[in-house]
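See structure below.
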Amino acid sequence: MAPSSDDCSWLLYLSLAAKCGGDPHRLLAFAAVFAVAFVVTALLHWAAPGGPAWGWYWWTRRAGLGILGAAIPGPRGLPVLGSMGLMTGLAHRKLAAAAAVDKARRRLMAFSLGETRVVVTADPDVARELLASAAFADRPVKESAYGLLFHRAIGFAPHGAYWRSLRRVASSHLFSPRQIAASAAHRAAIASQMLAAVPGAGVVMAPRRLLKRASLHNVMWSVFGRRYELEVESEEAAELKSMVDEGYDLLGQLNWSDHLPWLARFDLQRTRARCAALVPRVNRFVSRIIDDHRARLAAGDAASAAAMDFTDVLLSLQGADKLSDADMIAVLWVRYALADDMIQTEMIFRGTDTVAVLMEWVLARLVLHQDVQSKVHEELDRVVGPGQTVTESDTASLVYLQAVIKEVLRLHPPGPLLSWARLATSDVHVGGYLVPAGTTAMVNMWAITHDPALWSDPEEFKPERFMAGSPAADHAAADEFSVMGSDLRLAPFGSGRRSCPGKSLAMATVGFWLATLLHEFKWLPAEESGEPRGVDLSEVLRLSCEMATPLEARLVPRHGA
Ligand code: HEM
């Protein structure tokens, strides 16, 4: 391989150092020249719009003053490090504030994360352009994602035959309308378990743990065919939960080595070490489940088509779709653990977290806005009937509850930056600018859903804005509004070829479980010294954007216990 210009400058410095011989003065002078050259180069790169990574790009293109017209506007950040600070804490809010400086930055803003060039948009038209473009069909793969096998799962697999095959298999065997209908019985069983797990009347509870366990059990059931009781702490479910928590933490953190490769060898944040410790546990766990399925098949106990779980489906694949054991583990792990990567585990990661996080936000908003909760109760009594059990087919008629869910997705999108970024695989024009191959691209969905130019009173909780025909319907959303990715003013599941494949399943699960919990109980604020306590809506951004303080509510049965 030919040395890059970067390698060449190192060769030049080395040969100059060699010429100094052993003379300490000459070596010192050389070191000083080297240090000055380094500082000057770093400052020159840093001076470019977007900071050092962009400066380096323009420098290698010998753009000269041409940079003035071609460069994407954006903050410079610090020399060498760029704007790493923008991606810590509540990154969606910091990026929105940085983009609010002018209109051009809202459309497309460049910044640097160490050596990584990044662009972010807070404009729905540019977001559509970006998400729909074939040039952005890949994702940047973080060290932790590699370490945890996610590059073999749907969420991070490079765009190509393998990814297409995984996505096809998942679409037809997990996410098709037929499969979603077939798994309704699982969701109904888990909904009953949730009701049974709620403590006695008037007792204050924090629903987060219940919601997370319910989501995890739901994914476990459809992906691994494993059924657990919510109230019984099984060893297997506890092991899975601890692996998922660890995976979440690793994938959610900003890993400096991803952007400053010269730091990677030190593993300062222990990302590599923790991944290396987690993967054997995952392998053992998922292999055991695959072996159980194989043993059942060998014993002639094949599941009927309707009762097949996702592991059965993966084992039944033949020909071009057939997966190796390693790929199968990856797919399964990512489904269950993060619901995003390898088919199964990926589902765990993606499906578990997001669904539970969204439900907690909805309940928090309803505890805070009792008037809205009363309207939800009126609708439930009208559609389902007081004292009747909610069924999944009722949810299509619960239009006000659907509007509440949409309004919560707008105010608190679980993936405010659409979770995982995209990667430009070729030079491409976006928003009128050239975005070079290798650039990481993000959509700040949170900034779009809080834009006063797109939404009236964007900070207000107004589900009516999504009620078609209602006098309060938002000018931006007066018609039936789809959140599935066709309208980029509110696309919490992304859009384009890498949009969330689990969106219909997610909406079916969230709608049905919320309807069940709300039909049975009034959700009231917890009390402190006899006074209702407020609801703390502060956020914390991990893999998803969660409530920083878990919701606590007092539940009162609605239909006489
Ligand atoms: C409220 C719930 C959910 C939200 C808000 C959500 C959101 C997202 C977002 C924003 C993306 C990236 C889209 C893009 O790049 O355009 C995504 C991707 C993905 N989601 Fe979801 N998701 C949810 C539930 C689920 C569920 C239940 C599953 C599976 C059980 C799932 C599986 C996936 C997978 C596999 C991907 C990666 C797709 C790819 O790269 O090809 N998600 N999701």
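Numbers 1069 to 1629, taken from the working numbering, label the letters of the sequence shown in order.
Where is the CB? At the ideal position from N, CA and C, for every residue including glycine.
Every value quoted in this text rests on a predicted model; they were computed, and no experiment measured them.
Item, Value
"Return the bridge partner residues of THR1508 from the DSSP annotation.", "VAL1186, LEU1491"
"Taking the alpha carbon of SER1302 as the point to measure from, which residue in ARG1281, LEU1322, VAL1291 has its own alpha carbon closest?", "ARG1281"
"Give a yes or no on whether the C-beta atoms belonging to SER1355 and THR1577 are separated by under 9 Å.", "no"
"Taking the alpha helix (DSSP H) that LEU1322 falls in, what are its first and last residues?", "Where LEU1322 is concerned, there is no enclosing alpha helix (DSSP H), given that its DSSP letter is neither H nor E."
"With which residues is VAL1608 paired in a DSSP beta bridge?", "GLU1614"
"In the structure shown, what three-state DSSP assignment does LEU1466 receive?", "coil"
"DSSP three-state call for ALA1366: helix, strand or coil?", "helix"
"With distances taken from CA atoms, which of GLY1483, TYR1501, VAL1503 is nearest LEU1558?", "GLY1483"
"May I ask you to report which of helix, strand or coil DSSP gives ILE1411?", "A caution first: ILE1411 carries a pLDDT of 44, below 50, which makes its placement in the model unreliable, though a value can still be read off. Three-state DSSP puts ILE1411 in a helix."
"CB GLU1614 to CB GLU1607, shorter than 9 Å?", "yes"
"Going by the C-beta, is LYS1162 closer than 8 Å to any heavy atom of ligand 1?", "no"
"Check whether the Cβ of LEU1486 lies closer than 8 Å to any heavy atom of ligand 1, and answer yes or no.", "yes"
"Three or more C-beta pairs closer than 8 Å, one from the stretch 1219–1235 and one from the stretch 1504–1517: is that the case here?", "no"
"Using a threshold of 8 Å, is the CB atom of SER1550 nearer than that to any non-hydrogen atom of ligand 2?", "The ligand content of the structure shown is limited to ligand 1, which means ligand 2 is not among them."
"Which value, in whole angstroms, describes the spacing of the CA atoms of LEU1181 and PRO1120?", "9 Å"
"Assign GLU1595 to one of three DSSP states: helix, strand, or coil.", "strand"
"Determine which residues share a DSSP beta bridge with PRO1600 and list them.", "GLU1595"
"Report all residues from its chain with a CB closer than 6 Å to the CB of LEU1319; omit the five preceding and five following residues, and keep chain order.", "SER1212, LEU1611"
"Specify, as a first and last residue, the run of the alpha helix (DSSP H) that LEU1434 falls within.", "1421–1436"
"Do you know how far the Cα of LEU1234 is from the Cα of GLY1630?", "Beyond the ends of the chain as shown, which are 1069 and 1629, falls residue 1630; an answer cannot be given."
"Residues in its own chain within less than 6 Å of ARG1173 by CB, not counting five upstream and five downstream?", "PRO1141, ALA1167"
"Verify the contact flag: PRO1267, CB atom, against every heavy atom of ligand 1, threshold strictly below 8 Å.", "no"
"Do GLY1123 and ligand 1 come close, with the Cβ less than 8 Å from some heavy atom?", "no"
"What's the gap between the Cα of GLN1412 and the Cα of MET1288?", "Only weak support exists for where GLN1412 lies, its pLDDT of 47 falling under 50; the value from the coordinates is given anyway. When rounded, the distance between both Cα atoms is 9 Å."
"For the beta strand (DSSP E) containing ARG1622, list its first residue and its last residue.", "1621–1625"
"Since SER1180 sits in a beta bridge, which residues does DSSP pair it with?", "ARG1185"
"Could you compute how far the alpha carbon of ARG1622 sits from the alpha carbon of LEU1111?", "57 Å"
"Under 8 Å from any heavy atom of ligand 1, does the C-beta of LEU1391 make it?", "no"
"How long is the line joining the alpha carbons of ALA1616 and MET1376, rounded to whole angstroms?", "38 Å"
"Let me check understanding here. Comparing Cα to Cα, which of LEU1605, GLY1153, TYR1316, ASP1335 lies closest to HIS1480?", "LEU1605"
"What do you get for LEU1609, buried or exposed, if any count of 16 or more other CB atoms within 10 angstroms of its CB means buried?", "buried"
"Could you tell me whether the stretch 1184–1196 touches the stretch 1516–1526, where touching means 3 or more Cβ pairs closer than 8 Å?", "yes"
"Return helix, strand or coil for LYS1171, following the three-state DSSP convention.", "helix"
"What is the rounded straight-line gap between the Cα of GLU1446 and the Cα of VAL1467?", "12 Å"
"From ASP1075 to TYR1125, what distance separates their C-alpha atoms?", "Its pLDDT being 45, under 50, ASP1075 is placed unreliably by the model, and nothing is read from it."
"For HIS1497, report the span of its beta strand (DSSP E) as first-last.", "1496–1498"
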